[in-house]
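Structure record follows, encoded as structure tokens.
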Amino acid sequence: MFQIEEELKKLPGKPGVYIMHGEKDEIIYVGKAVSLKNRVRQYFQSSRNKGAKIEQMVTHITRFEYIITDSELEALVLECNLIKEHRPKYNTMLKDDKSYPFIKVTVNEEYPRVLFARRMKKDKTKYFGPYTSAGAVKDVIELVRKLYKVRSCNRVLPRDCKKDRPCLYYHMKQCKAPCQGYISQEEYRKNINKVIKFLNGDFQDAISELMEKMQKASEEMRYEDAMEYRDLISSIRKIGERQKITGYGQEDRDIIAVAMDDSEDLRDQDAVVQVFFIRDGRLIGRDHFYLRVAKGDTKAQVLSSFLKQFYAGTPFIPSEIMLQCEIEDADIIEEWLSGRRKQKVHIRVPKKGTKEKLVELALENARMVLAKDRERIRREEGRTIGAVHEVEEWLGLKNVVRMEAYDISNISGFESVGSMVVYEKGRPKRSDYRKFKIKSVQGPDDYASMQEVLTRRFRRGIEEQKDKEEDEFSGFSQFPDLILMDGGKGQVHVAEQVLADLGLTIPVCGMVKDDNHRTRGLYYQDHEIPISHTSEGFKLITRIQDEVHRFAIEYHRLLRSKGQVHSILDDIEGIGPTRRKALMKYFKSIEEIRAASEEELGKVPSMNRQSAQKVYQFFHS
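So, in structure tokens, the structure goes:
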């Protein structure tokens, strides 16, 4: 038995990572400490003002463990890895997992290529970026190919030179075909150097060169060529407009600010971090990230968690990171990022000037995104949680989280099937959907089929609960707070009888349809409850009813299709797909196979004397 007080006495005064476990032995929090002894003890001291999040978390801690490290830096790296792997409930979590694209120039090759890349690797090639838009990167690559006629193929040159015909890009005048020897390596290198200059942001030479070509083509009345040059110039200028000059330095910087919302109905998504990406003194783009933030978390704590998670997953680290406020572990994060970048990284909080204005701009953008998202979340909660609350009011229930709906599908009793769909907090939980092939019922008996489905489902759930030593729910072991039957009085009574026989008490209601097969109301406790057709609760019930019906029909259709392709030859022992095909190809029909002798059957390719005998006996026994 784990005794927290006794284990606290054993804690070492060394740096490391501590891991908190909950009632189900799941990891609920991961943290780092300079001194494990001092840090972990703080959680269990009643005199300290720990904040709402920590107070709640401590009530769920059943045990803790720790890993000793040589330094605080090692502890930081280990903390990042453990948070990413386990995603603990009480850690501030980055909800987005984005990777930003790069433009890759393979300068290590004799005939370099310009490529799209998602990761920056140590492969002796040259990378440009990261960029915030994959579409913009592809546009730039296409433009570069048109301007400088560089290759994009995977041929290894000069090894594969003249082994094949030139590709389509050569005929489109977007490649000089070095694979055919139409351009020397020296001339090709000159074009690659122009590409690198262009990607570094020097567009003037390219524009001047295209202007001359456009003028010359116009004078020679090659107006189509002139229009093409004009369009290329326009594309280059658009790229230049995207990269707005910020007016200071030539450094790589990230500008980061967080906006938080304190409203209780947004507990799962109540913070937005805005990042401005500045590369070589140019603002190349921006992006925002949603975070799961617990009550009591400060902006400094959120920013610290964001930095560790974001820069653990991105390949590019700028030389400077500017924040809206000071963070507690800035020094150790700086050391960690500097080690990853192989150059010094500075974390700063600007107090005045242009840099402060940029941070303010990032903050305003974060607030705007959060405000817009708040409305979206409220609408979504109205469709889901709000709709569930309406259903609770109609039925006089409370705390309905999990709802299970059931339906039966058959055509004149053929291949009767049952379906179970699950909704949690008003949203479908497709991983818990289940389908049943009816085994004990012959013919179109929906009541008996439903009785079999419900009995199998809940009996299996009871068995799984008994077999489980811990309280973790999975599969059938988690029971619903409300059962919804596709039907009225009859279906509801069947379900209630099954539950009574198994000793279970779960509310059951029926989803009643009108003559046009549309949802009309709910049947509960022996009477029908009329519901408003404009309410969100009605819309939710309709979605559930349609979903359970769709799931049943889909499974039934699958079984029918399998039955339709069945051959009588499949019932003969020793006759697999190969022999079946050979027999049908040789005899053309089942009747000819039936009329054939053992000797004739033995002449079929892939058939032997034993298999021929089995086929003959099958049709003549």
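Its first residue numbered 25, the sequence shown is counted upward by one per residue in this note's numbering.
From the three backbone atoms N, C-alpha and C, an ideal C-beta is built for every residue, glycine too.
Computed from a predicted model, the values in this text were never measured in an experiment.
Note: L508 is bridge-paired with A429, C533 in the DSSP secondary-structure output. For E448, same chain residues with a beta-carbon under 7 Å away, outside a window of 5 residues either side, are V425, R426 in chain order. When E352, Q298, C203, Y640 are compared, the shortest CA-CA separation from E134 is found for C203. According to the DSSP assignment, F301 belongs to the beta strand (DSSP E) that extends over 295-303.
The C-alpha of R542 is placed about 11 Å away from the C-alpha of I565.
Each of L100, K150, T93, P125 was checked against the Cα of A160, and the nearest Cα belongs to P125. Cβ contact annotation for S443 (same chain, cutoff 6 Å, sequence separation greater than five): D431, K459, V572, F575, A576, in chain order. Pairing A318 with Y114 gives a Cβ-Cβ distance under 8 Å. Between L347 and L327 the beta-carbon gap is near 6 Å, inside 8 Å, which marks them as a contact. Around the C-beta of A99, 16 or more other C-beta atoms lie within 10 Å, and the residue is accordingly described as buried. Contact annotation: I345 and R364 have beta-carbon atoms that are not nearer than 8 Å. By the beta-carbon neighbour count (other beta carbons within 10 angstroms, threshold 16), R137 is buried.
Take the alpha-carbon of P452 and the one of Q569: they are about 12 Å apart. Residues G511, G512, T543, R544, G545, L546, Y547, E552 of the same chain have their beta carbon placed closer than 8 Å to that of V536, with the five preceding and five following residues left out of the count.
Secondary-structure assignment with DSSP links T543 through a beta bridge to K537. A buried status is given to E428, since no fewer than 16 other beta-carbon atoms sit within 10 Å of its beta-carbon.
For the pair L35 and K56, the CB atoms are not nearer than the 8 Å cut-off.
In this structure, F503 and E488 do not form a Cβ contact; the two beta carbons are roughly 11 Å apart against a cut-off of 8 Å. Counting the other CB atoms within 10 Å of its CB gives I351 a total of 16 or more, which places it among the buried residues.
In this chain, Y135 is not harboured by any beta strand (DSSP E), its DSSP state being neither H nor E.
Taking a 10 Å sphere around the C-beta of E103, we find 16 or more other C-beta atoms and assign the residue as buried. Following the DSSP letters along the chain, one finds M81 inside the alpha helix (DSSP H) bounded by residues 76-82.
As DSSP reads the structure, A281 sits in a beta bridge with Q298. With a cutoff of 8 Å on beta-carbon distance, R63 and Y42 are scored as near each other.
The stretch 405-416 and the stretch 390-397 do not touch, with fewer than three beta-carbon pairs separated by less than 8 Å.
Under the DSSP definition of a beta bridge, I43 partners with V54, E89.
Counting C-beta pairs with one atom in each stretch, the stretch 159-176 and the stretch 195-215 have three or more that are closer than 8 Å, which means they touch. As computed with DSSP, H312 is found in a beta bridge with Q298.
Separation of the CB atoms of M474 and V518 is rounded to 5 Å, and the pair is thereby assigned contact status at 8 Å. Only residues of its own chain outside the window of five on either side were considered, and among them K638, V639, F642 have a CB closer than 8 Å to the CB of I596, listed in chain order. Here K461 is bridged, per DSSP, to V441. In the three-state DSSP reduction, K34 falls in the coil class, being neither helix nor strand.
Judged by DSSP in its simplified three-state form, H195 adopts helix. Check the Cα spacing between D525 and each of I486, D539, E560, S556: the tightest is with I486.
Excluding the 5 residues flanking it on each side, S362 has same chain C-beta neighbours closer than 7 Å at K368, V369, in chain order. In this structure, H644 is the residue among H644, G598, S343 with its C-alpha nearest to the C-alpha of R618.
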